[in-house]
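The block underneath contains the structure these notes are about, expressed in structure tokens.
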Amino acid sequence: MKSDVTKIRIEQVRTLGAGLRRPEGVMAADDGSIYAADARGCCARIAPNGRTSFFGELGGTPNGICIDGQGNLIVANIGNGEVQSLSGDGSHLVLLKEVQGKRMYTPNFPFIDFSGRLWVSNSTDDPGIDSALRAPVPDGCLILMTGDGEPQIVASGICFANGVAVDPAEKFVYVAETMMRRILRFEIKKDNSLGRKEVYGPEVLGAKGFPDGIAFDEAGNLWVAFPAANAIGYIDVNGELAMFLEDPRGLILRTPANICFGGKDRKTAFIGSLGCTNIPFFEVPYAGARLIHQAG
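Under this note's numbering, think of the first position of the sequence shown as 458, with each following residue one higher.
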């Protein structure tokens, strides 16, 4: 990011919506609506006027979400171990529960790229997530679903696999390796297999730098939500980390866990979290990279 871009103050952050519970996943639609996961086993839609409504009977604990090209929410349900497709009328389909005969207990975050590939992180093989966080082991993985054939585990040995993003050129897939406090990336090969694991950016993202959700902007910065630090930062094209917003007292940001871009020219960041009952948002210097559900 350019050196003339400075961090913002917490007073510059506004919120929308109300009555949410653990809205970890967040996505912005072109009509101005904001969608969020909700811990009551459903999802929320926040209309442009701020009115919040809830829909779906997904069970479990919906976590990361994305939107497909048809407008359905794709939900990584970390509470019941399902990846689900939720339509606007509240009906849903189960897309994934196991891969290659192996049960996926902790799907965390889904990402659909412009090639129509669905990437899903599975944080750990341990159904008890709390114990996996207390004594982490590298048993997380990245799953790939395409229109051809069965889903596959394309990367493994990740110490709590979390947020997922594909760069706009679709050369690499990025995964937040939370308990190692770093971001990993893998080259995407023509046959959809992945290259070797490499660290993107700093080897360690700081004392409280446990990365969660990640997202690219059009300038090539990879934005990162840091729940333990109550902060939002970015890794620039030179691989350097900078903080854009910090709220150590938790006045508005309360364990921020995801970030997406929407609004006019996609220059508004919306924040999903573990502890808020609404969605914080603020302006950013560069447009967010377009996702498959967003118009040019």
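All C-beta atoms, glycine included, are put in the ideal place defined by N, C-alpha and C.
Here the structure is a predicted model, which means the values were calculated and not measured.
N- and C-terminal bounds of the beta strand (DSSP E) containing residue i
i: R574; result: From DSSP, R574 is part of no beta strand (DSSP E); its letter is neither H nor E.
i: I524; result: P519 to I524
i: I586; result: Here I586 belongs to no beta strand (DSSP E); instead the alpha helix (DSSP H) covers I586 to R591.
i: L530; result: L530 to N534
i: D495; result: I491 to D495
i: L473; result: R471 to L473
i: Q527; result: From DSSP, Q527 is part of no beta strand (DSSP E); its letter is neither H nor E.
i: N715; result: P713 to G719
i: Q609; result: Q609 to I615
i: A485; result: V483 to A485
i: M700; result: L698 to E703
i: Y743; result: Careful: Y743 lies outside any beta strand (DSSP E) and carries neither H nor E.
i: E539; result: E539 to L543
i: P567; result: P564 to I569
i: F512; result: T509 to F512
i: V656; result: E655 to Y657
i: L599; result: G597 to M602
i: G729; result: T725 to S730
Burial state of residue i, where buried means 16 or more other Cβ atoms lie within 10 Å
i: L748; result: buried
i: S578; result: buried
i: K459; result: The predicted model places K459 with a pLDDT of 44, which falls under 50 and marks its position as unreliable, so this point remains unresolved.
i: L477; result: buried
i: R723; result: buried
i: V556; result: buried
i: V594; result: exposed
i: V694; result: exposed
i: L702; result: buried
i: C733; result: buried
i: G661; result: Inspection of the sequence shows that residue 661 is occupied by Val rather than by Gly. It is exposed - the Cβ of V661 has fewer than 16 other Cβ atoms within 10 Å.
i: D669; result: buried
i: A618; result: buried
Inter-residue CB distance, residue i and residue j (contact presumed, cutoff 8 Å)
i: A475; j: T509; result: 5 Å
i: A504; j: S490; result: 6 Å
i: V540; j: P737; result: Not confirmed; about 27 Å, so no contact.
i: I522; j: L515; result: So it is not a contact: roughly 11 Å between Cβ atoms.
i: E634; j: I610; result: So it is not a contact: roughly 16 Å between Cβ atoms.
i: A493; j: G729; result: 6 Å
i: L731; j: A714; result: 5 Å
i: Y657; j: G606; result: Their Cβ separation, rounded to whole angstroms, is 28 Å, which puts Y657 and G606 out of contact at 8 Å.
i: E776; j: N520; result: Residue 776 cannot be examined here, being either before or after the span of the chain that is shown, 458 to 753.
i: L651; j: A622; result: Not quite, the Cβ-Cβ distance comes to about 14 Å (not below 8 Å), so this is no contact.
Residue i at chain D interface by Cβ criterion, 8 Å
i: S542; result: Although the question refers to chain D, the structure presented lacks it and comprises just one protein chain.
In DSSP terms, what residue i is bridged to
i: L710; result: Beta-bridge pairing links L710 to no other residue.
i: P737; result: T472
i: F683; result: A688
TODO: Inspect the CB distances between the segment 638-653 and the segment 599-611 and report whether three or more fall short of 8 Å.
DONE: Proximity of the segment 638-653 to the segment 599-611 meets the contact definition, three or more beta-carbon pairs being nearer than 8 Å.
Open item on the list: I want to know whether the segment 662-678 touches the segment 716-735 - three or more CB-CB distances under 8 Å.
Closed with: Contact between the segment 662-678 and the segment 716-735 is present, because at least three Cβ pairs lie under 8 Å.
Task: Stretch-stretch touch, CB-based, cutoff 8 Å, three pairs: the segment 678-694 with the segment 656-666 - done: Judged by pairs of C-beta atoms under 8 Å, the segment 678-694 touches the segment 656-666, as three or more such pairs exist.
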